[in-house]
Amino acid sequence: MELNEHSFNSYTAMRKVSENLAMRKDYDDGIIYFRFESNRALKDWEAVELQKLKGYHPCGYGFGGLKVENWKSIGIVTTWNCSTSCR
Numbered sequence: 002m003e004l005n006e007h008s009f010n011s012y013t014a015m016r017k018v019s020e021n022l023a024m025r026k027d028y029d030d031g032i033i034y035f036r037f038e039s040n041r042a043l044k045d046w047e048a049v050e051l052q053k054l055k056g057y058h059p060c061g062y063g064f065g066g067l068k069v070e071n072w073k074s075i076g077i078v079t080t081w082n083c084s085t086s087c088r
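Numbers 2 to 88, taken from the numbering used here, label the letters of the sequence shown in order.
Listed below in structure tokens is the structure:
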């Protein structure tokens, strides 16, 4: 799905966009790692919206480590993390 400013305006669109999102929980370290692959980098507010959609609101679980990499084999990869427990 092509991302644009309207992609995050409806719940249905957000669910479609979230199909490109992978999550990995590391309970030993207490961190949830997010990875999003697309044709462009996510903006920080877009990553926050995806994290909230997955049930981890940044006000409680935090939000950090946003990083964007261009991988020739798969495209743009945006990664970030949050805590596994709400503070």
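For each residue, glycine too, the CB sits at the ideal point set by N, CA and C.
Could you work out which residue in R25, Y57, K68, E47 is closest to C87 when comparing CA atoms only? Residue Y57 is the option with its Cα nearest to C87.
Proximity below 8 angstroms, CB of W81 to CB of G66: Going by beta carbons, W81 and G66 fall inside the 8 angstroms limit.
What are the partner residues of E86, as DSSP defines its beta bridges? Strictly speaking, residue 86 in this sequence is Ser, with Glu absent from that position. DSSP, once it has assigned bridges, lists no residue as partnering S86.
Would you list the residues sitting across from F64 in a DSSP beta bridge? Paired residue(s): none; F64 is not in a bridge.
Continuous beta strand (DSSP E) stretch holding L22: start and end: First-last of the beta strand (DSSP E) with L22: 22-27.
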